[in-house]
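Asker:
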Amino acid sequence: MNKSIVLIFITMTFLVLLCFSLFPNDGCIAQAQEKKFLADVHAGKGMNCASCHKESPPKEKVPTDACVKCHGDYDKLAEKTAKIEPNPHKSHLGNLDCEHCHHAHKPQENFCTQCHAGFTFKSK
920 MNKSIVLIFI
930 TMTFLVLLCF
940 SLFPNDGCIA
950 QAQEKKFLAD
960 VHAGKGMNCA
970 SCHKESPPKE
980 KVPTDACVKC
990 HGDYDKLAEK
1000 TAKIEPNPHK
1010 SHLGNLDCEH
1020 CHHAHKPQEN
1030 FCTQCHAGFT
1040 FKSK
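Counting with my numbering, you get residues 920 to 1043 for the letters of the sequence shown.
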């Protein structure tokens, strides 16, 4: 595993634990969760790298097939995000690969902004 990824994971874990111990309130928890990468969220649920990557050490990005096995197909994902306008899982581009927006070891991104400058999602 890449040493810099391990260092980032350890640092983020330490900061989250420090925040929780110093300020055990919902505001701190919400703030810490916003800064977590998907890998951290999955690790917090007891999953290791091989749970998604299927090889250790990981060599490739996680394919969308692995995501939908746990999170459900595109229709189920669209149901979960139905209160977001427009629904990010009901794209006019069809069923996009998850990694267009969701990244395990770097911040998430709004793929729509590649064509639609300034585009944001809103809660209904």
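Just so it is clear, CB atoms sit at the ideal spot from N, CA and C, and this is done for glycine as well.
Bear in mind the structure is a predicted one, so any value in this text is a computation, not a measurement.
Taking DSSP as the reference, what is the three-state secondary structure of residue 948?
Answerer: With a pLDDT of 42 at residue 948, under the threshold of 50, the modelled position of this residue cannot be trusted, and the question is left open.
Asker: Does DSSP put residue 1002 in a helix, a strand or coil?
Answerer: Looking at residue 1002 - three-state DSSP - the assignment turns out to be coil, as it is neither helix nor strand.
Asker: What's the gap between the Cα of residue 978 and the Cα of residue 1022?
Answerer: So the two alpha carbons sit approximately 15 angstroms from each other.
Asker: Output the distance between the C-alpha atoms of residue 1024 and residue 1036, rounded to the nearest integer angstrom.
Answerer: Computed Cα separation, rounded: 25 angstroms.
Asker: Do you know offhand how far residue 967's Cα is from residue 961's?
Answerer: If you take the alpha carbons of residue 967 and residue 961, they lie about 7 angstroms apart.
Asker: Hey, how far is the Cα of residue 1027 from the Cα of residue 1000?
Answerer: Approximately 16 angstroms between the Cα atoms of the pair.
Asker: Suppose you measure from the CA of residue 970 to the CA of residue 996; what does that come to, to the nearest Å?
Answerer: Residue 970 and residue 996: Cα-Cα distance of roughly 20 angstroms.
Asker: For residue 1042, which beta-bridge partners are listed by DSSP?
Answerer: Its beta-bridge partners are 1003.
Asker: Taking the Cβ atom as the reference point for each residue, do residue 1040 and residue 1032 lie within a distance shorter than 8 angstroms?
Answerer: No, the Cβ-Cβ distance between residue 1040 and residue 1032 is not below 8 angstroms.
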